[in-house]
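Residue 63 is where the sequence shown starts when you use my numbering, and the numbers rise one by one after that. Glycine included, C-beta positions come from ideal geometry on N, C-alpha and C. Inspection log for the structure reproduced underneath, given as structure tokens.
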Amino acid sequence: MSDLVHVTSSPHVREKMDTQKIMLWVIISLLPASIFGIFNFGLRALLVLVLSIVSCVISEYLYDKILHKKNTITDLSAVVTGLLLGLNLPHTVQWFIPVLGGVFAIIVVKMLFGGLGQNFMNPALGARCFLLLSFAQPMTSFTYDGVTGATPLASLKAGESVDPVKMLLGTEAGTIGETSVIALLVGAIILLIMGIINLRIPATYIITFAVFILLFGGHGFDITFLIEELCGGGLILGAFFMATDYVTSPITPNGQILYGICLGVLTGLIRIFGSSAEGVSYAIIISNLLVPLIERVTVPRAFGIVPEKKGGSQ
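Following this line, the structure appears as structure tokens:
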């Protein structure tokens, strides 16, 4: 089933960018956040990233080998999954956590559903949520400069003050790849320039979330509070690098806008009214599950097709 090609209606446009090149550009775009994360948190962060990537690649290789399938690790999608998973982990987690997460992401979320193009949710985020449920304490324990403390968003939810400048620069506690908004935006610009993604999903997501925060955040039109919410909790990482995943996001323009609205509303609901200060991972996964329905209601009607009237002709 995974070898079937589903052809949409004409006209067809041939794209020179294949899967491997797309994944390569995603990896390049994630390098600024990865390098900053290693610089910010030390060699321990590098170890987590390496373990996550290697476990994903080996898991996919062994799955293909055992089931006598075509080797798919050369398309670099497993590397992207491992890198995204590692960037979503604290640098202090034990070595087996990124390994287990990589195996879960590739085997359970991706390969058991048919491999690349068939998975129903983002593998890296599926694995992160699995790890959050399985290892809550190490997955929510953050250390910066030798001091263990809450993330800026957790502090903000507790009514404490945070420094938005530090959140922009990334000199705060958090997961390896979520802290520096500047590094993430550099990577996002690379994706936009190369045409790997467009602004429809991330812009709709961020704007919807901003409106939700202003209306229901409890701080009125406090721009400082809004900036702090936008800069924290991996929102930028999720909006540009995971919500835009080709496989688990809508392909119709109107569907992408509706998808972005769902993301923004869900993230706001979880952050403001839920017990969690984050919400991005769960919002993206829930929206992934809604994609088939979103595409069904937003697919353009073929030219010349008239919907059949109920009750027959008069």
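Closest by C-alpha distance to residue i, when choosing among the options
i: Ile159; options: Leu193, Thr136, Lys131, Asp137; result: Leu193
i: Gln156; options: Thr202, Ile268, Ala186; result: Thr202
i: Ser139; options: Met304, Pro226, Gly300, Pro312; result: Met304
i: Ile298; options: Thr329, His153, Gln180; result: Thr329
i: Leu331; options: Val165, Leu355, Glu291, Gly317; result: Glu291
i: Ile100; options: Met229, Ile238, Asn184; result: Ile238
i: Pro152; options: Ala272, Val116, Leu109; result: Leu109
i: Asp307; options: Phe98, Gly232, Gly322, Cys293; result: Gly322
i: Arg337; options: Ser114, His281, Thr143, Ser217; result: According to the sequence provided, residue 337 is Ser. The question's Arg does not apply to it. Ranking the options by Cα distance to Ser337, first place goes to Ser217.
i: Val112; options: Lys132, Val142, Leu86; result: Val142
i: Phe103; options: Val116, Leu147, Thr205; result: Thr205
i: Arg106; options: Gly148, Trp87, Phe166; result: Gly148
i: Thr81; options: Ser96, Thr136, Lys132; result: Thr136
i: Leu162; options: Leu195, Phe271, Cys324; result: Leu195
i: Gly296; options: Thr134, Gly144, Glu234, Trp87; result: Glu234
i: Ser242; options: Gly294, Phe166, Gln180; result: Gly294
i: Thr134; options: Ile168, Pro226, Leu351; result: Ile168
i: Cys324; options: Ile84, Met85, Val309, Phe274; result: Phe274
i: Ala189; options: Ala95, Thr154, Leu145, Leu215; result: Leu145
i: Ala95; options: Asp225, Leu215, Gly236, Gly211; result: Gly236
i: Gly341; options: Leu320, Pro226, Cys191; result: Cys191
i: Gln199; options: Arg358, Val227, Ile269, Thr154; result: Thr154
i: Ala265; options: Ser223, Asp225, Gly326; result: Gly326
Unbroken beta strand (DSSP E) run spanning residue i, endpoints
i: Gly211; result: 209-211
i: Thr134; result: First-last for Thr134: undefined, no H or E at that position.
Boundaries (first-last residue) of the alpha helix (DSSP H) holding residue i
i: Phe103; result: 81-103
i: Phe204; result: Unbroken run through Phe204 is the beta strand (DSSP E), 204-206; no alpha helix (DSSP H).
i: Ser311; result: From DSSP, Ser311 is part of no alpha helix (DSSP H); its letter is neither H nor E.
i: Gly179; result: Here Gly179 belongs to no alpha helix (DSSP H), and DSSP marks it neither H nor E.
i: Val142; result: 139-149
i: Ala216; result: 214-219
i: Asn260; result: Unbroken run through Asn260: none, as it is neither H nor E.
i: Met173; result: That residue, Met173, is in no alpha helix (DSSP H); it is neither H nor E in DSSP.
i: Gln199; result: 198-201
i: Asn350; result: 342-360
i: Leu129; result: Here Leu129 belongs to no alpha helix (DSSP H), and DSSP marks it neither H nor E.
i: Ala245; result: 243-255
i: Ile289; result: 285-293
i: Val227; result: 226-231
i: Ile159; result: 158-165
Distance, residue j Cα to residue i Cα
i: Gly257; j: Ile334; result: 34 Å
i: Ile252; j: Gly208; result: 33 Å
i: Leu261; j: Ile255; result: 11 Å
i: Met79; j: Ile115; result: 23 Å
i: Asn150; j: Cys118; result: 14 Å
i: His281; j: Gly177; result: 45 Å
i: Gly279; j: Gly179; result: 37 Å
i: Tyr267; j: Ile356; result: 15 Å
i: Leu231; j: Ile244; result: 6 Å
i: Ala301; j: Val309; result: 15 Å
i: Ala272; j: Val165; result: 35 Å
i: Ile263; j: Leu352; result: 15 Å
i: Trp87; j: Phe98; result: 18 Å
i: Tyr350; j: Ile259; result: The amino acid occupying residue 350 in the given sequence is Asn; Tyr does not appear at that position. Each residue's alpha carbon lies about 17 Å from the other.
i: Ala220; j: Lys132; result: 51 Å
i: Gly211; j: Leu277; result: 29 Å
i: Leu215; j: Ala339; result: 6 Å
i: Pro354; j: Leu320; result: 12 Å
i: Thr213; j: Glu240; result: 11 Å
i: Met85; j: Ser311; result: 16 Å
Item to check | Contact the stretch 350-362 vs the stretch 304-319: 3+ CB pairs below 8 Å | outcome: Judged by Cβ distances under 8 Å, the stretch 350-362 makes contact with the stretch 304-319, as three or more pairs qualify.
Checklist entry - When the Cβ atoms of the stretch 91-103 are set against those of the stretch 248-267, are three or more pairs found closer than 8 Å? => result They touch, by the three-pair rule.
Next on the checklist: When you compare the stretch 167-186 with the stretch 119-126, are there three or more beta-carbon pairs, one atom per stretch, that lie closer than 8 Å?
Outcome noted: Counting Cβ pairs under 8 Å, three or more are found: they touch.
Checklist entry - Does the stretch 341-355 come close enough to the stretch 178-196 to have 3 or more Cβ pairs within less than 8 Å? => result Contact between the stretch 341-355 and the stretch 178-196 is present, because at least three Cβ pairs lie under 8 Å.
Item to check | Stretch pair the stretch 281-290 + the stretch 127-137: three plus CB contacts closer than 8 Å | outcome: In short, these stretches do not touch, since the Cβ pair count stays below three.
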